[in-house]
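There are 2 protein chains.
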Amino acid sequence: MQDSEKILLAHGGGGELTARLVSEVILAGLGDAALGSLDDAAVLQLAGSGTSPGTGMTRRGAQDKASRGQVAFTTDSFVVKPLFFPGGDIGRLAVCGTVNDLAMRGARPLYLSLAFIIEEGLEAGVLRRVVASIAAAAREAGVRIATGDTKVVERGSADGLFINTAGVGVVPDGVEVCLAGARAGDAVIVSGPIGNHAIAVLAQREGLRFETEVESDAAPLNHAVAALVGGLGSDVHVLNDPTRGGLAASLNTIADASGVAMEIDEQSVPVDSAVAFAAEMLGLDVLTLANEGKFVAVVAESTRESALALLRKGGPRRAAPLRKSASGGSHRPAVIGRVKKGKGVTLLTSGGGRRVLEMPYGEDSPRIC
Amino acid sequence: MQDSEKILLAHGGGGELTARLVSEVILAGLGDAALGSLDDAAVLQLAGSGTSPGTGMTRRGAQDKASRGQVAFTTDSFVVKPLFFPGGDIGRLAVCGTVNDLAMRGARPLYLSLAFIIEEGLEAGVLRRVVASIAAAAREAGVRIATGDTKVVERGSADGLFINTAGVGVVPDGVEVCLAGARAGDAVIVSGPIGNHAIAVLAQREGLRFETEVESDAAPLNHAVAALVGGLGSDVHVLNDPTRGGLAASLNTIADASGVAMEIDEQSVPVDSAVAFAAEMLGLDVLTLANEGKFVAVVAESTRESALALLRKGGPRRAAPLRKSASGGSHRPAVIGRVKKGKGVTLLTSGGGRRVLEMPYGEDSPRIC
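Chains H and V supply the protein sequences, listed in that same order.
For the first sequence, my numbering gives the first residue as 306, with consecutive numbering after it.
For the second sequence, my numbering gives the first residue as 306, with consecutive numbering after it.
In structure tokens:
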């Protein structure tokens, strides 16, 4: 990017433009001050003297060996608009997003930080509702809020409320999941129907009503991941949650990092009919819509049925759910394709055709998380 | 706070109103989902199974026993306006602020997360300058950026650029500094002249010119803390950096947490003459002005001269400074008072009087960090 080039909304979309901003401006500028690619949870070595260098991803998807004493560390900011939407709110997102980033490294999430940037004039009651939702989601995930910060900026300098959470977790001995782990022959699984989160937020923002209300799927994934990894061990090769950029970004990221191709059966991708209808109305491709409570798992082909069975049961809940689960669909996992030799992601369409499923370029739906 | 009450800029000032917002809305809402008071770096237990509960501060200043395997964790958002000012910029602040929060728990800072919220339309060159400054400050502090996130919001929904950093560090065995550690008879030391950061930012924002330009003192304090703690061990009882709310907030926080009184000699508090002049012009009390490269140390009286000597030398630099140090004054430490039995902070004024040095209430100077 040229210095005079302006940063666009599309640079925040989680697609190609985001990758370019991060690599050309942020990573290039940080140089050796950065541990790795920054776009995933990092795995750090803190044991002993604390001087051993971390094993961040030196490039997107570089292999990380997990071993005793490894700590996973991640961060996410949340700027979703509106603050409240069917099935969730900014507080629930702020917990689930960071918990899920840790879970996707196979880590057990333990502690979150919680930082608010508040626009002057926000009502205390709004903040209180958000905090209550954070507390409920933290209990659901089994994490504690360990540290925090609160800033207030003058009216017009922020849009109501932004939240940043960072998270710390521990990678259990022997767990080795990373973006680069997919191998030809593996099965590609998605943990449940996609697109619900983006449609729930967009419908609320635009004041659209559909016959069936679509709820966000925002949910902590750590219990389901623990069940899957606990059952299959090293047969779980890759975990990735399709947030910004959706399933298309997630699959392309995995294929690219692993140096493999993928073939996806469009018909087998679970999509709620209300979501499919809304996406068509809005002219959006459901494969690029953000999710906040689903993940892609690439597993050894021989374990695909066990994987499905484990995901159907879901993970053990550490706490009784405090609210009607918005993730009803998370117990409808499906095998959606397979890993092959080569490169790129091919979609076998419902109509019997084939097309390249590309990495999304910019941003279809800003402020979705 | 009533639900209908609006959050004001003053709620972000680091004084009494901030404390009220945090306790009545945030901590009350989190309940047992919070580990502690959230307003300082937390110290976590991650060793072994990772299930042992952390030893966060259950109330402001609760005692924490440091032991093997303790990890410190903190977060801060930065909303300073303008983004660049004499002696620093938002990027340098974002590194130093979080490094210093870790250092104030006696921790060795190791890794930071880095999250940007960017207003659509920001020039890539501006972000590039900020990232370069982050990299330089990280090298100076000896920390690595381990993970990150980038969000873009539409024009008018944020003011240019906000940054959040979270930090992870390790507490060396045997280090026990906490807000509650001050004992009657201890000496109160400040590591250098105060008020420079706030004056530098305010002057730049308001377009004020003084005969001598005041530079921000933004600097990582971890090396100086390592030197002090390395030399004096458990004779260092409290460390605290006077950021928002300034020295007045810092001293009141310590006195309150430790259940002691303090007597401060106004004349002995180091203040650069240009800062004193500017503060008077602006009608601001220098004792409430934010600093970003100074700290208060409460030490055993018998070690006060050794403490001053160690602070004059400063900490070992891990990397050659990449810029003219903005912290020229950081090597002019001073004993400014003593800890007594009782409660509250008393100022022995230059004129020979006594007055209560109160906890600041709201906010004199918003968007200072």
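Glycine residues also receive a C-beta, built at the ideal position from the N, C-alpha and C atoms.
Separation of the CB atoms of Leu-466/H and Leu-388/H is rounded to 6 Å, and the pair is thereby assigned contact status at 8 Å.
In this chain, the beta strand (DSSP E) harbouring Arg-643/H covers 639-645. Taking all protein chains shown into account, Gln-350/H has 16 or more neighbouring C-beta atoms within 10 Å of its C-beta and is therefore buried.
Under the DSSP definition of a beta bridge, Pro-414/H partners with Gly-474/H. At a beta-carbon threshold of 7 Å, none of the residues of chain V lie near Thr-593/H; the nearest stands roughly 17 Å away. Scanning Glu-571/H, Ala-451/H, Val-543/H for the CA closest to the CA of Leu-653/H turns up Glu-571/H.
One Cα belongs to Phe-421/H, the other to Ser-611/H, and the distance between them is close to 42 Å. If you compare the alpha carbons of Val-436/V, Met-306/V, Thr-470/V, Asp-464/V with that of Thr-452/V, the shortest gap goes to Thr-470/V. Taken atom to atom, the span from the alpha-carbon of Tyr-416/H to that of Val-543/H is near 23 Å.
Cβ-Cβ separation between Arg-672/V and Val-385/V: approximately 6 Å, consistent with a contact (criterion under 8 Å). Residue-level contact by beta carbon fails for Ser-573/V and chain H, as no gap is shorter than 8 Å. Taking the C-beta atoms as reference points, Ala-523/V is found no nearer than 8 Å to Glu-445/V. The alpha-carbon of Gly-564/V is positioned some 7 Å away from that of Gly-647/V. The alpha-carbon of Val-457/V is positioned some 43 Å away from that of Gly-535/V. For Glu-425/H, no beta strand (DSSP E) segment is defined, and its DSSP state is neither H nor E. In this structure, the alpha-carbon of Asp-577/H lies about 18 Å from that of Phe-390/H. Counting C-beta atoms within 10 angstroms of its own C-beta, Glu-518/H has fewer than 16 neighbours from the protein chains shown and is therefore classed as exposed. Restricting attention to alpha helix (DSSP H) runs no shorter than 4 residues, the region 451-522 of chain V encloses them at 501-511, ordered along the chain.
As computed with DSSP, Gly-564/V is found in no beta bridge at all. Proximity to Ala-489/H across Ile-439/H, Met-664/H, Lys-311/H, Gly-649/H peaks at Gly-649/H, based on C-alpha coordinates. By the criterion of at least three beta-carbon pairs nearer than 8 Å, the region 586-606 of chain V is in contact with the region 543-556 of chain V.
Scanning chain H for C-beta atoms nearer than 7 Å to the C-beta of Met-306/V yields Ala-429, reported in chain order.
Distances from the CA of Thr-651/V to each of Val-473/V, Leu-419/V, Ala-560/V were compared; the closest alpha carbon is that of Ala-560/V. Secondary structure note for Thr-323/H: its alpha helix (DSSP H) is the uninterrupted segment 321-326. Glu-511/H sits exposed, since fewer than 16 C-beta atoms from the chains shown fall within 10 Å of its C-beta. At a beta-carbon threshold of 8 Å, the residues of chain H lying near Pro-671/V are Val-457, Val-458, Glu-459, ordered along the chain. The beta-carbon separation of Val-400/H and Ile-439/H, rounded to 6 Å, stays under the 8 Å limit for a contact.
For His-528/V, the enclosing alpha helix (DSSP H) has its first and last residue at 527-537. In the three-state scheme derived from DSSP, where H, G and I count as helix and E and B as strand, Gln-307/V is classed as coil.
Residue-level contact check: Tyr-416/V touches chain H, since one or more beta carbons of chain H fall below 8 Å from its beta carbon.
In summary, the residues of the region 306-336 of chain H whose CB is separated from some CB of chain V by less than 7 Å are Met-306, Gln-307, Asp-308, Ser-309, Glu-310, Lys-311, Ile-312, Leu-313, Leu-314, His-316, Gly-317, Thr-323, Leu-326, Val-327, Val-330, Ile-331, Gly-334, Leu-335, Gly-336, in the order they occur in the chain. Pairing Pro-498/V with Pro-575/V, the inter-Cα distance amounts to about 4 Å. Annotated as proximal: Ala-412/H and Ala-346/H, with beta-carbon spacing under 8 Å. Look at Gly-453/H: its C-beta is under 8 Å from a C-beta on chain V. For chain H, the residues of the region 379-400 of chain V that bring a beta carbon within less than 7 Å of one of its beta carbons are Thr-379, Thr-380, Asp-381, Ser-382, Val-384, in chain order.
By the Cβ neighbour-count rule, Leu-556/V is buried, with 16 or more other Cβ atoms within 10 Å of its own.
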